Amino acid sequence: MTQTNPKKRLKRFEVTKDRKVPFRMQDRDREIIKHVHDNRFLTTKLISLLVGSSEQVTRTRLMKLFQNKYIDRKKGEHNKSTVYYLVDKAYKEVLNLYWGIEKPSARMAEKNRGVTYDPFLNHELLIAKIRVTLTLALRNRQDASLAEWIPDKEKTNEYTVIGEGGREQSRTFAPDSFITIRVDDQDIFFFLEADRHTKDNERFRKQMRKYWEYRSAWREEMGTDEDGHHFGFRVLVVALSDAKVNNLRKVTKEATDNKSGSPMYWFTSETKFNPEDPETILKPIWQTPKDDTFHSLLE
């Protein structure tokens, strides 16, 4: 009989087939699975911050989850230094039994595993960084909470415009995410766009123009509050650098009718907030196209 070495080192990107890796599911593991599912792709650092464990402890739990096919791990096509975690086949049972999610996507694990394109992975990771930072910043606040986060493709918005010849034209757009933050008893709504230099100026202007055109349809859909005021929304744009932010603010001015910009567009750079110091995302790091004033996210 062939004997396997119980002390044989586990491979980082290959599930061991010649022996079963001992594993007992903990509450922390269930949290990890839920966070990875919600964010689609996460790194060890972001996961450790979410579950409140050291990176070493988190890495150990991730290896066990990987070896038991709850979590998968992968590298990018060219960026080999970053390890991305995503859900694997067995995750659906945990989401169903523990988190009450009745119909987890059967294709999510297979779909995510096929992604190797670095720009896409980096884009998804920027969205995850924003979400994790905001989650941690609001987690222990009494006056504000993260009420809703809807990922892209789950929030497709439709509206109509009057085109040439006076005919109505139907248009749609899907933000990177739709976010609701509840401050006291009032909801603030945000559409998120994570920019990683993948769009030229004209494409970005057209994208911002859609938000400008969508305002009327939004008001009709949302109605008014008890005082008769319309619910508004903000468009959060996160870019890679301050220089890119300044460029996009100028481009966005051209997306509005008056060509002077609108205060509904809020911009910041990835360099201005840090998930290890999550309060930074709430601080005055946001600017509009109207002027150079910095704003706090919840003001």
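Residues in the sequence shown are numbered from 286 upward in steps of one, following this note's numbering. Virtual Cβ for every residue (Gly too), placed ideally from N, Cα, C. The structure displayed is predicted, hence computed values, not measured ones.
Can you tell me the Cα-Cα spacing of residue i and residue j, whole angstroms?
i: V536; j: R490; result: 6 Å
i: P569; j: R452; result: 43 Å
i: T578; j: E506; result: 31 Å
i: A524; j: R416; result: 15 Å
i: D357; j: N442; result: 32 Å
i: L582; j: W434; result: 16 Å
i: W497; j: D312; result: 44 Å
i: L567; j: E340; result: 25 Å
i: L477; j: V321; result: 19 Å
i: V342; j: D373; result: 20 Å
i: I464; j: T420; result: 11 Å
i: R534; j: T573; result: 7 Å
i: T445; j: L347; result: 47 Å
i: K575; j: E378; result: 49 Å
i: F405; j: A479; result: 11 Å
i: D428; j: P563; result: 16 Å
i: R481; j: G546; result: 22 Å
i: G517; j: Y499; result: 11 Å
i: V522; j: V306; result: 44 Å
i: L431; j: D472; result: 10 Å
i: E487; j: W503; result: 24 Å
i: R309; j: G337; result: 19 Å
i: K354; j: T565; result: 36 Å
i: N532; j: A459; result: 23 Å
i: Q288; j: D403; result: Residue confidence is low: Q288 scores 44 on pLDDT, short of 50, so the model does not pin down where it sits. Its coordinate-derived value is still stated next. Straight-line Cα distance between these residues: approximately 41 Å.
i: T553; j: N559; result: 12 Å
i: L334; j: H580; result: 26 Å
i: S526; j: A413; result: 18 Å
i: D469; j: R315; result: 30 Å
i: R519; j: T556; result: 21 Å
i: P548; j: W571; result: 11 Å
i: K330; j: F475; result: 26 Å
i: L411; j: K529; result: 15 Å
i: L382; j: D437; result: 26 Å
i: M286; j: T418; result: Because M286 carries a pLDDT of 39, less than 50, the predicted location of this residue cannot be relied on, and the following value inherits that uncertainty. Approximately 52 Å between the Cα atoms of the pair.
i: A422; j: S462; result: 18 Å
i: Q492; j: K319; result: 31 Å
i: W384; j: A375; result: 14 Å
i: E561; j: N425; result: 15 Å
i: Q454; j: Y550; result: 24 Å
i: H408; j: I332; result: 17 Å
i: Q352; j: R344; result: 12 Å
i: G361; j: L380; result: 26 Å
i: E439; j: K359; result: 25 Å
i: E539; j: R467; result: 31 Å
i: S588; j: T541; result: The question about residue 588 has no answer, for the chain in this structure spans 286 to 584.
i: E584; j: N543; result: 25 Å
Per DSSP, what are the beta-bridge partners of residue i in this structure?
i: D357; result: L371
i: V342; result: According to DSSP, V342 bridges with nothing at all.
i: R309; result: DSSP, once it has assigned bridges, lists no residue as partnering R309.
i: A524; result: S554
i: T445; result: S455
i: P436; result: S462
i: A429; result: V468
i: R519; result: F475
i: L327; result: Y370
Is residue i near the ligand SAH, with its Cβ less than 8 Å from a heavy atom?
i: I435; result: With respect to small molecules bound, the structure shown includes none, and the ligand SAH cannot be examined in it.
Check the C-beta distance from residue i over to residue j and give it rounded, since I have them as a contact under 8 Å.
i: K495; j: R456; result: 7 Å
i: L350; j: I386; result: The pair is not a contact, with the Cβ atoms about 17 Å apart (cut-off 8 Å).
Hey, does residue i have any beta-carbon neighbour from chain B nearer than 9 Å?
i: E506; result: Included in the structure is just one protein chain, with no chain B present.
(message) Assess contact between the region 368-376 and the region 323-341, defined as three or more Cβ pairs (one per stretch) separated by less than 8 Å. Is contact present?
(response) Segments in contact, yes.
(request) Scan the region 531-581 and note each continuous beta strand (DSSP E) run of 3 residues or more that stays entirely inside, going in chain order. (result) 550-554
(message) Ignoring anything shorter than 4 residues, give me the alpha helix (DSSP H) runs that lie fully in the region 447-488, in order along the chain.
(response) none
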